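Chemist:
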Amino acid sequence: MNDALRYALFGKLAAQSLPFVRAWERPNLSEVIAAFAAALVLIAAAALFVLITARGKWRYLWEEWFTSLDPKRIAIMYVIVALVMLCRALIEGVLMRAQQAVAVNSAGFLSPDHFAQLFSTHGSIMVFFMAMPFIAGLLNYVVPLQIGARDVAFPLLNAVSFWLTAGAAALMMGSLVIGRFSTGGWSGYPPYTELAFSPGVGPDYWIWAVTLGSIGSTLTGLNFIVTIFKMRAPGMHMMRMPLFCWTALCTAILMIFAMPALTVATALLALDRYLGYHFFTNDLGGNMMNYANLFWLFGHPEVYILILPAFGVYSEVVSTFSSKALYGYASLAVATSAIAVLSFTVWVHHFFTMGQSSNINGAFGIATMAIGIPTGVKIYDWIWTMFRGEVRFTVPMLYSLAFMVTFVFGGFSGIILAMPPLDFQVHNTVFLVAHFHNMLIPGVLYGLLAGYHYWFPKAFGFCLNERWGRIAFGCWVAGFYVTFMPLYVLGLSGMVRRAQEVFDPAFRPWLSVSLCGALILLFALCSLGVQLWVSVRERAQNRVFVGDPWDGRSLEWSVSAPPPAYVFAVIPEVHDRDAFYESKRRHDARRRPARFEDIELPRNSAVGVTIGLSAAAAAFGLVWHIWWLASVGVLLVWAAVIARSFARNVHRVVPAAEVARTEERWLAAAAASPPITRPLETTSLNRGLAERSS
Amino acid sequence: MSTGEVRHVGLNLGATDAIAHRKAERAVFGFWVFLMSDAVLFALLFATYGSMLGATAGGPTAAAEFKLGSALFETLILLASSFTFGMASIAMKYRKAGESLAPLLVWLGVTLALGMTFLGMELHDFVGMFQAGAYPSRSGFLSAFFALVPLHGLHVFGGSLWVLVMMVQLASLGADAQVKINILKLGLFWHFLDIVWIAIFSVVYLQGLIR
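Chains as they are written, first to last, in our numbering: chain L, 1 to 694; chain H, 695 to 905.
(1) Can you confirm whether leucine 719 of chain H, when its beta carbon is compared against all beta carbons of chain L, has any partner nearer than 8 Å?
(2) Since proline 602 of chain L is in the beta strand (DSSP E), which residue starts that stretch and which ends it?
(3) According to DSSP, what are the bridge partners of histidine 651 of chain L?
(4) Consider the Cβ of proline 754 of chain H: report whether some Cβ of chain L lies at a distance smaller than 8 Å.
(5) Measure the C-alpha to C-alpha separation of methionine 126 of chain L and leucine 176 of chain L and round it to an integer number of angstroms.
(6) If the cut is a Cβ gap below 9 Å, which residues of chain H does isoleucine 225 of chain L touch?
(7) Where in the region 544-597 of chain L do unbroken runs of the beta strand (DSSP E), each at least 3 residues long, occur, reported from the N-terminal end onward?
(8) Please determine, among H:Gly724, H:Thr710, H:Met746, H:Ser731, the residue with the shortest C-alpha to C-alpha distance to alanine 841 of chain H.
(9) Enumerate in chain order the residues of its own chain whose CB-to-CB distance from leucine 332 of chain L is below 7 Å, with the five nearest sequence positions on each side excluded.
(10) Is valine 911 of chain H helix, strand or coil when you go by DSSP?
(11) Does any CB atom of chain L fall closer than 8 Å to the CB of proline 844 of chain H?
(12) Are proline 655 of chain L and aspartate 578 of chain L touching if we call contact CB-CB under 8 Å?
(13) Excluding the 5 residues preceding and the 5 following lysine 790 of chain H in the sequence, name in chain order all residues of the same chain whose CB lies nearer than 8 Å to its CB.
(14) Pop quiz: serine 187 of chain L and phenylalanine 295 of chain L are said to be a contact at Cβ under 8 Å. What is the actual Cβ separation, rounded to whole angstroms?
(15) Determine which residues of the region 240-258 of chain L have a Cβ less than 7 Å from any Cβ of chain H, and write them out in chain order.
(16) Look at the alpha carbon of phenylalanine 695 of chain L and the alpha carbon of phenylalanine 20 of chain L, and state the distance between them as a whole number of angstroms.
(17) For glycine 276 of chain L and proline 191 of chain L, what's the separation of their Cα atoms in angstroms?
(18) Applying the 10 Å Cβ sphere with the 16-neighbour rule, what's the burial state of valine 405 of chain L?
(19) What are the complete alpha helix (DSSP H) segments, minimum 4 residues, inside the region 310-359 of chain L?
(20) Quick check on phenylalanine 851 of chain H: does DSSP put it in helix, strand or coil?
(21) Taking just the CA atoms, how far does tryptophan 666 of chain L sit from serine 673 of chain L?
(22) Run down chain L in chain order and give the residues with a C-beta less than 8 Å from the C-beta of threonine 742 of chain H.
(23) For methionine 695 of chain H, does the three-state DSSP call read helix, strand or coil?
(24) Can you tell me the Cα-Cα spacing of alanine 838 of chain H and alanine 39 of chain L, whole angstroms?
(25) Within 10 angstroms of the Cβ of lysine 874 of chain H, are there 16 or more other Cβ atoms? Answer buried if so, exposed if not.
(26) Which same chain residues end up closer than 7 Å to leucine 271 of chain L when comparing Cβ atoms and leaving out the 5 residues on each side of it in sequence?
(27) Please state the DSSP three-state secondary structure of phenylalanine 66 of chain L.
(28) Which partner residues does isoleucine 676 of chain L have in the DSSP bridge list?
(29) I'd like to know whether the C-beta of threonine 218 of chain L is nearer than 8 Å to at least one C-beta of chain H.
(30) Of all the CB atoms in chain L, is at least one closer than 8 Å to the CB of methionine 781 of chain H?
(31) With distances taken from CA atoms, which of H:Gly792, H:Thr769, H:Val800, H:Ile771 is nearest serine 783 of chain H?
(32) Which chain L residues sit within Cβ distance under 9 Å of glutamine 863 of chain H?
(33) Within the chosen definition, does the region 233-240 of chain L reach the region 191-203 of chain L through at least 3 CB pairs nearer than 8 Å?
(34) Which same chain residues end up closer than 7 Å to serine 696 of chain H when comparing Cβ atoms and leaving out the 5 residues on each side of it in sequence?
(35) Are the C-beta of methionine 695 of chain H and some C-beta of chain L separated by less than 8 Å?
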């Protein structure tokens with residue numbers, strides 16, 4: 001085959017794109033690890049394929065999941081994607097800790113290039129493909145239920161968002177098997193990521209994966225703004241919404257305003273790399289600081305896109321497991337909104353060392369510290385919510401408590417970094433790495449895990465194993481402290497971040513401790529897996545079908561677990577802030593409606609999955625310069641959009657008789673279940689019927 | 695609920711089509727949110743353009759390359775297309791059930807023709823600039839120009855395609871609620887592009903020729 005034809009068909013793909021070939025040609029430990037990782041992806045994918053085929057589940061998956069427009073189903077798929085990506089990114093983190101621990105005055109076992117790929121994928125995945133999908137999953141499951149809606153505003157758009165994210169995640173996994181990923185970090189700073197310095201496909205993988213993900217997130221934001229503003233149940237005023245919905249609204253607004261900055265940054269970088277533009281190059285008028293500004297105009301609000309929903313989870317959890325109304329509800333809503341606004345005023349603190357005047361740095365430093373005020377308000381509100389409450393130390397509550405303490409520490413180190421003169425001292429050291437892990441692990445991961453434990457019974461109808469949950473919790477917390485506290489010390493001692501090799505023997509003990517912490521975190525992840533396994537095995541004893549295992553306060557607890565596709569047989573009327581809790585006190589909960597009606601739900605559609613996979617294929621074509629594939633992918637995306645606009649028969653009807661049957665079965669179960677007291681709620685006596693509090 | 699009630703910021707259909715009027719609320723609000731996001735995109739490209747005005751790297755400058763006459767003519771064409779789209783919207787709003795779709799189709803057709811004319815002229819301008827050595831890889835300034843202005847052109851192209859799809863749907867499906875709502879959204883999109891172009895004309899072309 002001649003070269004021109006080969007390029008037309010396969011672009012830049014070559015045998016050396018496969019890590020197996022590279023490991024065969026140069027069998028060193030670094031390449032072998034890369035080949036092993038690629039093999040793991042392939043084997044896992046093949047095993048999954050064989051398992052599904054052997055059990056004949058493809059049709060079920062296609063009809064019930066892949067084409068589903070039910071936000072509850074989409075939510076579960078989001079969380080599955082997030083958990084898979086969490087496994088990969090956490091293992092990468094452990095590898096990096098191991099490399100640094102052994103690479104004191106020695107080359108270690110990872111080549112510099114491989115190490116750089118690891119920190120780039122670790123960061124990109126944790127932010128874009130672990131935290132973002134997890135949050136989108138929680139939003140999808142919880143927000144419609146909490147505001148008393150059956151669906152989101154645009155169900156199909158919701159599926160498109162999910163499949164774009166899933167396609168982008170698949171592209172990330174693909175980069176492990178075909179080619180090499182970017183070595184430019186999760187922020188992809190040019191000019192290093194320009195063609196002149198990174199001629200390979202790595203930055204292109206990063207650009208297109210992140211771009212697809214950010215478009216998906218923009219559409220998610222759009223969907224939830226409209227859902228929350230336009231679809232609240234009658235009586236659900238803004239100031240009666242559960243606090244999670246407030247945080248979801250602020251996050252959605254941030255997505256709409258912040259994600260475009262990322263899209264612009266990556267698109268302009270792509271123009272530089274593909275069409276020879278000069279936005280961020282060193283020559284012909286390019287200016288890389290424009291990139292830093294664009295990226296962090298997105299990047300800082302992104303921190304709050306991630307953290308605000310976690311704050312929402314904590315607000316729900318602390319209130320429920322203290323059996324008290326949220327203290328300072330209005331102040332929490334205002335603080336959330338204030339944080340959302342302030343998040344756009346601080347982006348320069350990511351590059352105080354750019355060379356701008358000290359007045360500019362001063363202004364941004366003060367704005368940064370100002371964010372500590374509304375955040376502090378929140379911490380006090382949660383503490384006062386617990387005060388004299390009937391506090392139960394369940395797993396979600398434990399995460400919330402660990403968060404409050406740990407997050408405050410992270411906030412303190414943030415205040416240090418907010419002072420430009422101090423920031424200059426620790427800029428680009430592992431002090432910064434310690435700081436943002438100190439914010440994001442308690443501020444995001446613990447929140448996501450708390451939400452996972454808190455709403456899992458709602459989504460699947462049985463509780464997660466409490467004992468393994470506590471073991472995992474202990475490891476997540478201990479692992480965090482042991483891993484990242486040494487990095488504060490190392491950072492203050494001047495250890496630069498992203499170092500593949502370390503030259504100061506004094507760092508060795510701290511790095512070894514940090515590695516031990518990383519192993520504890522790995523064990524924490526395994527514990528979560530064991531917990532899921534044990535919980536599924538013992539699900540029959542732990543069913544909470546009645547749907548209210550924790551004496552919940554908001555509307556999601558007022559329906560069965562798992563809820564029917566239509567969620568509410570009758571759209572609830574809301575009279576109070578803690579709508580369900582108050583209705584329980586009025587003896588008004590789980591009432592048989594006077595009559596059942598037909599309910600209209602969106603019909604399944606293959607458009608979402610078509611768009612997501614076509615976009616991923618187009619992205620893959622762009623990465624490898626396979627222009628026919630890129631063109632076909634883009635055309636398929638728009639063909640699907642246009643074809644869908646002709647579709648008219650897009651709803652299905654759940655007949656009143658079926659609704660009545662489903663509801664009667666649930667009401668009968670509720671009547672037959674023993675009411676559970678708070679001290680017994682984590683035992684298997686819990687059937688999801690909370691004893692009425694006085 | 696009264697059909698005359700204003701349900702969204704946009705052309706309300708209460709008087710002639712109560713069903714579409716009610717259904718439009720979410721869709722139109724959602725589209726406004728999308729436009730906000732799109733506006734941020736353009737705002738950032740304007741900011742980037744502003745910061746790269748001086749980055750000509752010894753290459754062609756704005757004053758040398760921009761043709762005021764051509765840009766003005768394109769502006770007038772795009773403004774005219776906004777007017778004709780407005781006429782299409784009015785034709786849709788006041789059309790009673792069973793009346794002919796012809797006025798609506800004609801106005802949409804004129805809008806489409808104007809949109810295509812605009813695109814043709816813009817493309818012609820770009821070709822001229824390329825021939826004069828003003829291409830994006832020449833300098834940071836031209837990179838910024840060729841990101842901002844063609845992105846607007848790409849939007850106009852997408853909008854034109856959308857007009858075409860709506861005309862096909864009007865002909866094949868008739869003016870059902872969904873088609874009407876989509877035309878409402880398309881109208882917002884078309885007028886939005888007009889506003890962005892006014893900004894491009896003032897910030898890029900006029901400012902470029904003053905300097």
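In this text, a Cβ means the ideal position worked out from N, Cα and C, and glycines have one as well. Everything numeric in this text was worked out from a predicted model, so none of it was measured.
Modeler: Put simply:
(1) Mapped onto the second sequence, residue 719 of chain H falls at position 25. Before going on, a small fix: residue 719 of chain H reads as glutamate here, not leucine. By this cut-off, glutamate 719 of chain H is an interface position.
(2) Translated into positions along the first sequence, residue 602 of chain L becomes position 602. 599-602 is the extent of the beta strand (DSSP E) around proline 602 of chain L.
(3) Counting from 1 along the first sequence, the entry for residue 651 of chain L is found at position 651. Per DSSP, L:Pro602.
(4) As a first step, residue 754 of chain H must be located in the second sequence, where it is residue number 60. The Cβ of proline 754 of chain H sits no closer than 8 Å to any Cβ of chain L.
(5) Start at 1 with the first residue of the first sequence, and residue 126 of chain L comes out as number 126. Start at 1 with the first residue of the first sequence, and residue 176 of chain L comes out as number 176. The alpha-carbon atoms of methionine 126 of chain L and leucine 176 of chain L are separated by roughly 16 Å.
(6) As a position in the first sequence, residue 225 of chain L is number 225, starting the count at 1. Within chain H, the residues near isoleucine 225 of chain L are Phe723, Gly724, Val727.
(7) Complete beta strand (DSSP E) runs here, min 3: none at all.
(8) Against the second sequence, residue 841 of chain H aligns to sequence position 147. Closest by alpha carbon: H:Met746.
(9) In the first sequence, residue 332 of chain L corresponds to position 332, counting from 1. Here the set comprises Leu243, Ser315, Leu326, Lys378, Asp381.
(10) Coverage of chain H is limited to positions 695 through 905, which leaves residue 911 of chain H absent and any answer about it impossible.
(11) Your numbering for residue 844 of chain H matches position 150 in the second sequence. No, no contact with chain L.
(12) Position 655 of the first sequence, counted from the first residue, corresponds to residue 655 of chain L. Position 578 of the first sequence, counted from the first residue, corresponds to residue 578 of chain L. The answer is no: Cβ separation not under 8 Å.
(13) To locate residue 790 of chain H, count along the second sequence from 1; it is residue 96. So the qualifying residues of the chain are Thr710.
(14) Looking up residue 187 of chain L in the first sequence gives position 187. Looking up residue 295 of chain L in the first sequence gives position 295. Taking the Cβ atoms as the reference, serine 187 of chain L lies roughly 6 Å from phenylalanine 295 of chain L, within the contact range of under 8 Å.
(15) Result list: Ile256, Phe257.
(16) As shown, chain L starts at 1 and ends at 694. That puts residue 695 of chain L outside it, with no answer to give.
(17) By 1-based counting over the first sequence, the position of residue 276 of chain L is 276. By 1-based counting over the first sequence, the position of residue 191 of chain L is 191. Going from the Cα of glycine 276 of chain L to the Cα of proline 191 of chain L covers about 13 Å.
(18) Along the first sequence, read from residue 1 onward, the residue named residue 405 of chain L stands at position 405. Counting C-beta atoms within 10 angstroms of its own C-beta, valine 405 of chain L has fewer than 16 neighbours from the protein chains shown and is therefore classed as exposed.
(19) Qualifying alpha helix (DSSP H) stretches, in chain order: 329-342.
(20) Numbered from its first residue, the second sequence carries residue 851 of chain H at position 157. Helix.
(21) Sequence index remark: in the first sequence, residue 673 of chain L carries index 673 (1-based). Sequence index remark: in the first sequence, residue 666 of chain L carries index 666 (1-based). Spanning the two alpha carbons is a distance of roughly 11 Å.
(22) Here residue 742 of chain H refers to the residue found at position 48 when the second sequence is read from its first residue. Per Cβ cutoff of 8 Å: Val264, Leu268, Phe279, Asn290, Leu294.
(23) For the purposes of this step, residue 695 of chain H is taken as the residue at position 1 of the second sequence. Confidence is the limiting factor: at methionine 695 of chain H the pLDDT is only 44, short of 50, which leaves the residue's position unreliable, though a coordinate-based value still follows. Coil, per DSSP.
(24) Walking along the second sequence from the start, residue 838 of chain H turns up at place 144. Walking along the first sequence from the start, residue 39 of chain L turns up at place 39. Rounded to whole angstroms, the separation of the alpha carbons of alanine 39 of chain L and alanine 838 of chain H is 43 Å.
(25) Within the second sequence, numbered from 1, the residue matching residue 874 of chain H stands at position 180. It is buried - the Cβ of lysine 874 of chain H has at least 16 other Cβ atoms within 10 Å.
(26) Position 271 of the first sequence, counted from the start, is the residue given in the question as residue 271 of chain L. Tyr277, Phe279, listed in sequence order.
(27) Stepping through the first sequence from its first residue, residue 66 of chain L is reached at position 66. In the three-state DSSP reduction, phenylalanine 66 of chain L falls in the helix class (H, G or I).
(28) Taking the first sequence and counting its residues from 1, one reaches residue 676 of chain L at position 676. Paired residue(s): L:Ala690.
(29) Mapped onto the first sequence, residue 218 of chain L falls at position 218. At least one chain H Cβ lies under 8 Å of threonine 218 of chain L.
(30) In the second sequence, the residue the question calls residue 781 of chain H occupies position 87. Residue-level contact by beta carbon fails for methionine 781 of chain H and chain L, as no gap is shorter than 8 Å.
(31) Position 89 of the second sequence holds residue 783 of chain H. Ranked by Cα distance from serine 783 of chain H, the options H:Gly792, H:Thr769, H:Val800, H:Ile771 are led by H:Val800.
(32) As a working mapping, residue 863 of chain H is identified with position 169 in the second sequence. Ser645, Phe646, listed in chain order.
(33) Fewer than three Cβ pairs drawn from the region 233-240 of chain L and the region 191-203 of chain L lie within less than 8 Å of each other, which leaves the two stretches out of contact.
(34) Along the second sequence, read from residue 1 onward, the residue named residue 696 of chain H stands at position 2. In this prediction, serine 696 of chain H scores a pLDDT of 49, lower than 50, which makes its location untrustworthy; the coordinate-derived value is nonetheless stated afterwards. Cβ contact annotation for serine 696 of chain H (same chain, cutoff 7 Å, sequence separation greater than five): none.
(35) Translated into positions along the second sequence, residue 695 of chain H becomes position 1. Any answer about methionine 695 of chain H is weak, because its pLDDT of 44 lies below 50 and its placement is not dependable; what the coordinates show is given next. Not one chain L Cβ lies under 8 Å of methionine 695 of chain H.
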